[in-house]
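Right, one structure below, let's go through it.
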Amino acid sequence: MDYVNKAYRRSMRPAGFAGFNCKYKETDLYVAVDEKSFVPELVKTVEKRILYYRFILEEYIRRDRDFQITHKPYLLPPTAPLLARAMAKAGNMAGTGPMAAVAGAFAEFIGRDLLQFADEVIVENGGDIFLAVKEKAKILVFAGESPLSNRLALELKPQENGFGVCTSSGTVGHSFSYGRADAVVIVSPSAILADAVATAAANLVQTSADLQKAVDFARNIEGITGVLAIKDDKIAAWGDIKLVRV
Numbered sequence: 000m001d002y003v004n005k006a007y008r009r010s011m012r013p014a015g016f017a018g019f020n021c022k023y024k025e026t027d028l029y030v031a032v033d034e035k036s037f038v039p040e041l042v043k044t045v046e047k048r049i050l051y052y053r054f055i056l057e058e059y060i061r062r063d064r065d066f067q068i069t070h071k072p073y074l075l076p077p078t079a080p081l082l083a084r085a086m087a088k089a090g091n092m093a094g095t096g097p098m099a100a101v102a103g104a105f106a107e108f109i110g111r112d113l114l115q116f117a118d119e120v121i122v123e124n125g126g127d128i129f130l131a132v133k134e135k136a137k138i139l140v141f142a143g144e145s146p147l148s149n150r151l152a153l154e155l156k157p158q159e160n161g162f163g164v165c166t167s168s169g170t171v172g173h174s175f176s177y178g179r180a181d182a183v184v185i186v187s188p189s190a191i192l193a194d195a196v197a198t199a200a201a202n203l204v205q206t207s208a209d210l211q212k213a214v215d216f217a218r219n220i221e222g223i224t225g226v227l228a229i230k231d232d233k234i235a236a237w238g239d240i241k242l243v244r245v
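Numbering (numbering that gives the first Met the number 0), first residue to last: 0 to 245.
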């Protein structure tokens, strides 16, 4: 499966949903809404929201370069934009820099915006997903060269206010990682927090012997409801998740 070129999105078309892609610079979203809510104008709406949030973030980074480059917790003034403050808060909880949460933040902020127009929404941003759905969701786990890749799925119950499912890997994709996990998947009511914690937990994995350490780290962060960590042919898991074979 070609993770970098988003070939996995061919499997992300749930029945009863209409889906489309929106891309601008590094932001590359797959969006799906329930079919009865879909109108072509939603594509333009997503494009405008991408531009809006990118402008906010880029303008803030222009004034505060350390926000973008630090890999450590970072305090922001209350005058900073909400998007930047949400990213920094998640990073502080996870022990990472704010940019560890950027993909989850875009997925969640845009997903919640879309709930003004649609009853059910899925926004995926490079393996980080915000879901507001009414039925159980089954999410295929891609874990690079692991023999478990594409053979397991997470079956997750819907949550009233939506939730996030975010993945970090030290062996797949372009995102920076200190670790060598094939996949660490985090579930949380906040996709922003899930993204930052996925990064931090994946940083802890060098070998399969580290999987439980990564799971224990993530489970002890308030707001995390599920964890799955994969390295080679080994897994460790915890929380309100159900693993199913595919």
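For glycine and all other residues, C-beta sits at the position ideal for the given N, C-alpha and C.
Should residue i go down as buried or exposed, given a rule of 16 or more other Cβ atoms within 10 Å for buried?
i, result
"Phe-126", "In the sequence under discussion, the amino acid at residue 126 is Gly, which differs from the Phe named in the question. Counting Cβ neighbours within 10 Å, Gly-126 comes out buried, since at least 16 surround it."
"Leu-82", "buried"
"Asp-1", "Reliability of the predicted coordinates at Asp-1 is poor, the pLDDT of 31 falling under 50, and the value obtained from them is presented with this limitation in mind. Under this definition Asp-1 is an exposed residue."
"Asn-219", "exposed"
"Leu-151", "buried"
"Leu-153", "buried"
"Leu-260", "Look at the range of the chain in this structure, 0 to 245, and you will see that residue 260 is not part of it."
"Gly-178", "buried"
"Asn-124", "buried"
"Ala-14", "exposed"
"Val-120", "buried"
Taking just the CA atoms, how far does residue j sit from residue i?
i, j, result
"Ala-99", "Leu-75", "15 Å"
"Phe-19", "Leu-50", "17 Å"
"Lys-5", "Pro-77", "Note that Lys-5 scores a pLDDT of 48, beneath 50, so its modelled location is shaky; the value from the coordinates is reported in the next line. Approximately 36 Å between the Cα atoms of the pair."
"His-70", "Glu-58", "20 Å"
"Asp-181", "Ser-36", "36 Å"
"Gly-238", "Gly-143", "23 Å"
"Ser-207", "Asp-194", "21 Å"
"Val-257", "Ala-217", "Because the chain here runs from 0 to 245, residue 257 falls outside it and cannot be looked at."
Within the continuous beta strand (DSSP E) that includes residue i, where are the two ends?
i, result
"Gly-18", "16-23"
"Val-255", "For residue 255 there is no data in the structure shown, the boundaries of the chain being 0 and 245."
"Arg-150", "Per DSSP, Arg-150 belongs to no beta strand (DSSP E) and is neither H nor E."
Are residue i and residue j touching if we call contact CB-CB under 7 Å?
i, j, result
"Pro-97", "Lys-133", "no"
"Ala-190", "Ser-167", "no"
"Val-183", "Ala-213", "yes"
(message) For a minimum of 3 consecutive residues, which ranges assigned as the beta strand (DSSP E) are wholly contained in the region 98-127?
(response) 120-124
(request) Can you check the region 158-222 for any alpha helix (DSSP H) of at least 4 residues that lies completely inside it and give the ranges in chain order? (result) 190-202, 210-218
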